[in-house]
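Since the structure comes first, as C-alpha cells, the remarks are kept for the end.
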C-alpha cells in the first residue's frame, strides 16, 4: 500500500470517529423541556367568598393559589395577586391588577386610616392626602412627623412626582375623586392603581365598619380583621337586642349663618341613634340617591321638630367642641326653650369622631348609655354642664 493511500485511509477513519462521537454527544442531550403551563384568568378556580354581615358595597372571592377577585359598588373590579405569584394571562382590561405586598399606599380617604390602624398596618401608608395637622389619629400624625409618611397633595392636586418616587402601588381615594376624574385617569396612566373608598354608601352603619375586611384582604390580615369584627359584634349584641327606649334625639350644629345643620333620616348617624335605642327627631328627612346626608334648615323649622326632643347632641366636627350649655346658647338663645336644655340633657361629640371610623361601635354604646341613663365612661360624647 502506497504512502498516499495510507494517509487517505487514516483521514477517513478519523472522520468516521469524529462523526460517531458527535452522534453520541447529540444522543446524550436531554429532550427539550415541556413548555410551562401559564395560569390564565379563566383558570382561576373559585373557592369561597368572604363572609360579610352588613357590608354591601364590596365583595371578595377567594380563588386557588391565594388570588382574590374584588368587586366594588361603583363597578370597579380588582385582581389581587399574591406576593411572588405571576399575573394570570387574559385578565380583562377592566380588571385592575393589585400585586402584593401593597406597602406604599397613597391614602386620600381619611376615613380609612382608622381601619389601617386597627390592622397595625399604618406603615403600609407612605403617602397622605392631608398634612400632619389634619390628622386626629395620633399614629398617623406621628408617622408624618417622623417622615415615615409624607404629604403627597390633596385629592384634586396630587404630587405625582413624589408619588412615583416612593413607588406607590395603590391610591385609596374618597368619592371626591369623581369631581376630578382627570386625577384618577392620570394616576392610572402612571401605573398607580386607584381604589375608591365607598364605605359611606353602606346602608347599614355597621357595614361601614366592615370595610376593615376589605383592607385586610388587600394586606393579608384577614385573621386580625375577623377577630376585631367578631369582638365588636359580641360587644354590641346586648345593645342591639334591647327594646327601643323611645327617647327622641336631635343631632345638629349651628352654621355661621345661623341655620341648623341636621342629618337626614337615612344617614348613618340617624340610623345609629335607632340602633342604640333612640328615635331620631326628624324621621321625614329622607335621603335618596345623589342627595347629601345632611341638610340645613332655618331655626324656626328646627325649633318645631326638636323643641320637645329628650336629648340634644351637638356635632363639634365643624366649629369645635363645646363644654357648657352657656356656649351653646351663645350660638342661639332660642335653644333655652328646648326641653333637653331645660332638663340638662345636652351632649357634644368629640372632634375625632369622624376620622375614627371604627369608633362608630363606641358611639352606639355611648348613645345607648345616654338614652338608658347608665352612668358609665363615654368615649365620644361628653355632657354640657
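Numbering (the numbering used here), first residue to last: 111 to 495. Glycine residues also receive a C-beta, built at the ideal position from the N, C-alpha and C atoms. From a predicted model like this one, the values you see are computed outputs, not experimental measurements.
- Between residue 238 and residue 222, the beta carbon gap of about 11 Å keeps them out of contact (Cβ cut-off 8 Å).
- Closest option to residue 386, judged by alpha-carbon separation, among 338, 477, 495 and 371: 477.
- Contact check for residue 208 against residue 189 passes: the beta carbons are separated by less than 8 Å.
- In the displayed model, residue 308 falls within coil according to three-state DSSP, outside both helix and strand.
- A check of alpha carbon separations from residue 149 across 197, 169 and 225 identifies 197 as the nearest.
- Put simply, the backbone Cα of residue 292 is about 23 Å away from that of residue 260.
- Fully enclosed alpha helix (DSSP H) runs of no fewer than 4 residues occupy 435 to 441 and 449 to 452 of the stretch 428 to 474, in order along the chain.
- For residue 384, the enclosing alpha helix (DSSP H) covers residues 378 to 385.
- Here residue 351 is exposed: its Cβ has fewer than 16 other Cβ atoms, across all protein chains shown, within 10 Å.
- For residue 416, the closest alpha carbon among the candidates 446, 345 and 473 is that of 446.
- Contact between residue 390 and residue 369 does not hold, since the beta-carbon distance rounds to 19 Å and is not under 8 Å.
- Using a 10 angstroms sphere on the CB of residue 380, the tally of other CB atoms reaches 16 or more, which defines it as buried.
- Straight across, the Cα-Cα distance linking residue 187 with residue 205 is about 5 Å.
- Among the bridge pairs identified by DSSP, residue 493 is matched with 457.
- Residue burial is scored here from C-beta neighbours: residue 327 has at least 16 other C-beta atoms within 10 angstroms and is therefore classed as buried.
- Around residue 235, the same chain offers 215, 217, 226 and 259 as residues with beta carbons nearer than 7 Å, after the five sequence neighbours per side are excluded.
- Take residue 457, set aside five residues on each side of it, and the residues of its chain with a beta-carbon closer than 8 Å to its own are 421, 422, 423, 424, 480, 491, 492, 493 and 494, in chain order.
- Note that the C-beta distance between residue 165 and residue 317 is below 8 Å.
- With contacts defined by Cβ atoms closer than 8 Å, residue 363 and residue 371 form a contacting pair.
- In this structure the stretch 302 to 309 does not touch the stretch 238 to 251; the number of beta carbon pairs closer than 8 Å is below three.
- Straight-line measurement puts the Cα of residue 251 at about 6 Å from the Cα of residue 245.
- Within the DSSP secondary-structure output, residue 190 pairs in a beta bridge with 178 and 208.
- Excluding the 5 residues flanking it on each side, residue 265 has same chain C-beta neighbours closer than 8 Å at 218, 239, 283, 284, 286, 287, 290 and 293, in chain order.
- When DSSP states are grouped into helix, strand and coil, residue 343 belongs to the helix group.
- Assigned with DSSP and collapsed to three states, residue 280 falls in strand.
- Spatial neighbours of residue 193 in its own chain (CB-CB distance under 6 Å, excluding positions within 5 residues in sequence) are listed in chain order as 210 and 211.
- As computed with DSSP, residue 389 is found in a beta bridge with 358.
- In this structure, residue 460 lies near residue 426, with their beta-carbon atoms less than 8 Å apart.
- Looking at the DSSP output, residue 168 shares a beta bridge with 182.
- Only residues of its own chain outside the window of five on either side were considered, and among them 171 and 173 have a CB closer than 7 Å to the CB of residue 156, listed in chain order.
- A distance below 7 Å between beta-carbons, with the five flanking residues on each side excluded, links residue 249 to the following residues of its chain, in chain order: 227 and 232.
- Rounded to the nearest angstrom, the gap between the Cα atoms of residue 437 and residue 361 is 17 Å.
- Where residue 318 is concerned, the enclosing alpha helix (DSSP H) starts and stops at 315 to 319.
- The residues 374, 375 and 376, in chain order, have a CB closer than 8 Å to that of residue 396 in the same chain once the five nearest residues on each side in sequence are set aside.
- Taking the C-beta atoms as reference points, residue 441 is found no nearer than 8 Å to residue 419.
- The shortest CA-to-CA distance from residue 335 to any of 443, 321 and 346 is the one to 321.
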